[in-house]
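See below for the structure under consideration.
Protein chains: 2
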Amino acid sequence: MSEFVSLPLALAAEQFAKLPGVGIKTAQRLAYFMLNLPEAEVRDFAENIIKARQSAKLCKYCQNFTERDICGLCADENRRRDQICVVESPKDVSAFERAGGYEGLYHVLHGLLSPMDGVTAEDIKIKELLARLGDVKEVIMATNPTVEGEATAMYIGRLIKPMGIKVTRLAYGLPAGSALEFADDVTLVKAFENRNEI
Amino acid sequence: MSEFVSLPLALAAEQFAKLPGVGIKTAQRLAYFMLNLPEAEVRDFAENIIKARQSAKLCKYCQNFTERDICGLCADENRRRDQICVVESPKDVSAFERAGGYEGLYHVLHGLLSPMDGVTAEDIKIKELLARLGDVKEVIMATNPTVEGEATAMYIGRLIKPMGIKVTRLAYGLPAGSALEFADDVTLVKAFENRNEI
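Protein sequences, first through last, are from chains A and B. So in this note's numbering the end of the first sequence lands on 1404, straight run, no missing numbers. So in this note's numbering the end of the second sequence lands on 1404, straight run, no missing numbers.
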């Protein structure tokens, strides 16, 4: 947007355009929304984001974002300490907790191995995972079922198995509530291979 | 997201979820992006939004957002003063300026009449439009081709025509580069009715 049309709008839009998945049209829409809000609410919005960032530390065990040294999950006495579920990002922890049923601990890698993008084992929290395997009996690799997710699971599995720890991987199969006709070939083959007796 | 999963993430996500068109999943993704940025960049992002809001005033003539009393377009000596193009929002001014070809002034309504949503003539900048029609010979109603856009154009037209000022409306017709088979019935009928000699 050229400067003379509206400088405040351009300044705000420029900020929103920095966000992932936000194009120039959406950025303009968000900027317009912001300029229409009372100044106090805009200040509130912006300051809470700064506050969130300032308070965000990584849990010294699981590496999830937390405002303390040790996150609520790692500090929870009721969680099993012999299982660690390894995920790519904090939102995956939220997804598992929402689904419920898992009572062990987590480990957040903050990324996946991706040599194409220059992401190597040093760039994600693998070292920190290896350092906390003392009492662990099972490591559940719960990275996404993508090329990078698979590669990362394989890589970490190969590091951990020699330590005598069981390493498992989430099952491939049909998503609940879906239809066979919409499933892709890989999913169908995996679902067939991993069929269970009923 | 329950509190104990990650408080900083929840706080940031809560802010982004306030934005129009941003659901909880997108808000979490944006929050995660923010917490991964260096603190200085987050501060920059947030403070620029506050700054944009603080500097945003409405031009005393056209009501567009500007950081001055009179916006660049209204202050531009080279613009024709006898034409005013009336639009719903600042992004429409940007769209026309990007397209080029128009040399008159604008007027931003900041909304459209919508009795269903409780938006009446007092809630949008109609009074301000009527106050600046002194030397104006033509008012071009360039609101969106929607029910509210049409109603607003009709309403304002009826106020202005008795003042002896020409009121025009953007043409309906086929969008450039489109195909007949994809046009809706109303558009096709209007395009047919308003056919031009070549």
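C-beta: ideal position from N, C-alpha, C; glycine also. Here the structure is a predicted model, which is why all the values come from computation and not from measurement.
Which residues in the same chain as residue i place their Cβ atom closer than 8 Å to its Cβ, once the five residues preceding and following it in sequence are excluded?
i, result
"residue 1371 of chain B", "1339, 1342, 1343, 1344, 1345"
"residue 1209 of chain B", "Residue confidence is low: residue 1209 of chain B scores 44 on pLDDT, short of 50, so the model does not pin down where it sits. Its coordinate-derived value is still stated next. So the list reads 1216, once near-sequence residues are dropped."
"residue 1302 of chain A", "1291, 1293, 1308, 1312, 1348"
Is the shortest distance between the beta-carbon of residue i and the beta-carbons of chain A less than 8 Å?
i, result
"residue 1270 of chain B", "yes"
"residue 1261 of chain B", "yes"
"residue 1257 of chain B", "yes"
"residue 1334 of chain B", "no"
"residue 1218 of chain B", "yes"
"residue 1277 of chain B", "yes"
"residue 1266 of chain B", "no"
"residue 1381 of chain B", "no"
"residue 1315 of chain B", "no"
"residue 1331 of chain B", "no"
"residue 1354 of chain B", "no"
"residue 1328 of chain B", "no"
"residue 1388 of chain B", "no"
"residue 1403 of chain B", "no"
"residue 1249 of chain B", "yes"
"residue 1399 of chain B", "no"
"residue 1245 of chain B", "yes"
To which residues of the same chain is residue i closer than 6 Å at the C-beta, ignoring the five residues directly before and after it?
i, result
"residue 1376 of chain B", "1348"
"residue 1207 of chain A", "Low local confidence applies: a pLDDT of 40 at residue 1207 of chain A is under 50, so the model's placement there is unreliable, with the coordinate-based value given in what follows. Same-chain partners within the cutoff: 1216."
"residue 1393 of chain A", "none"
"residue 1391 of chain A", "none"
"residue 1354 of chain A", "1318, 1320"
"residue 1289 of chain B", "1310, 1344"
"residue 1381 of chain B", "none"
Are any of the Cβ atoms in chain B nearer than 8 Å to that of residue i?
i, result
"residue 1287 of chain A", "no"
"residue 1196 of chain A", "No information on residue 1196 of chain A is available, as it lies outside the stretch 1207 to 1404 that chain A covers here."
"residue 1214 of chain A", "yes"
"residue 1309 of chain A", "no"
"residue 1284 of chain A", "no"
"residue 1254 of chain A", "yes"
"residue 1319 of chain A", "no"
"residue 1225 of chain A", "yes"
"residue 1236 of chain A", "yes"
"residue 1207 of chain A", "Here residue 1207 of chain A scores only 40 on pLDDT, less than 50, and its place in the model is too uncertain to base an answer on."
"residue 1325 of chain A", "no"
"residue 1297 of chain A", "yes"
"residue 1239 of chain A", "yes"
"residue 1273 of chain A", "yes"
"residue 1221 of chain A", "yes"
If you drop the 5 nearest sequence neighbours on each side, which residues of the same chain put their C-beta closer than 7 Å to that of residue i?
i, result
"residue 1240 of chain B", "1218, 1248"
"residue 1367 of chain A", "1373"
"residue 1223 of chain A", "1230, 1233"
"residue 1350 of chain A", "1294"
"residue 1266 of chain B", "1275, 1276"
"residue 1357 of chain B", "1319"
"residue 1387 of chain A", "none"
"residue 1363 of chain B", "1347, 1373"
"residue 1365 of chain A", "1336"
"residue 1400 of chain B", "1377, 1378, 1379"
"residue 1403 of chain A", "none"
Our contact map puts residue i next to residue j with C-beta atoms below 8 Å; I'd like the distance itself, whole angstroms only.
i, j, result
"residue 1234 of chain A", "residue 1254 of chain B", "Not quite, the Cβ-Cβ distance comes to about 15 Å (not below 8 Å), so this is no contact."
"residue 1268 of chain B", "residue 1313 of chain B", "5 Å"
"residue 1236 of chain B", "residue 1279 of chain A", "About 23 Å separates the two Cβ atoms, so there is no contact after all."
"residue 1292 of chain A", "residue 1319 of chain A", "The Cβ separation is near 12 Å, so there is no contact."
"residue 1332 of chain A", "residue 1316 of chain A", "Not quite, the Cβ-Cβ distance comes to about 10 Å (not below 8 Å), so this is no contact."
"residue 1287 of chain B", "residue 1311 of chain B", "7 Å"
"residue 1212 of chain B", "residue 1271 of chain A", "4 Å"
"residue 1397 of chain B", "residue 1383 of chain B", "Between residue 1383 of chain B and residue 1397 of chain B the Cβ distance is about 14 Å, and since that is not below 8 Å, they are no contact."
"residue 1308 of chain A", "residue 1297 of chain B", "About 46 Å; that fails the 8 Å criterion."
"residue 1327 of chain B", "residue 1361 of chain B", "7 Å"
"residue 1256 of chain B", "residue 1252 of chain A", "5 Å"
"residue 1283 of chain A", "residue 1260 of chain B", "No, residue 1283 of chain A and residue 1260 of chain B are not in contact; Cβ-Cβ is about 48 Å, not under 8 Å."
"residue 1214 of chain A", "residue 1305 of chain B", "Contact doesn't hold; Cβ gap of about 22 Å is too wide."
Have a look at the DSSP bridge pairing and note the partners of residue i.
i, result
"residue 1364 of chain B", "Beta-bridge pairing links residue 1364 of chain B to no other residue."
"residue 1264 of chain B", "B:1271"
"residue 1375 of chain A", "A:1347"
Let me check you understand the geometry: is the CB of residue i closer than 7 Å to at least one non-hydrogen atom of the ligand NAP?
i, result
"residue 1400 of chain A", "With respect to the ligand NAP, the structure offers nothing, as it holds no ligand at all."
_Every unbroken beta strand (DSSP E) inside the region 1286-1344 of chain A [3 residues or more]_ = 1289-1293, 1311-1314
*For the region 1207-1234 of chain B, which segments carrying the alpha helix (DSSP H) assignment without a break, of at least 4 residues, lie completely within its bounds, in sequence order?*
Qualifying alpha helix (DSSP H) stretches, in chain order: 1213-1222.
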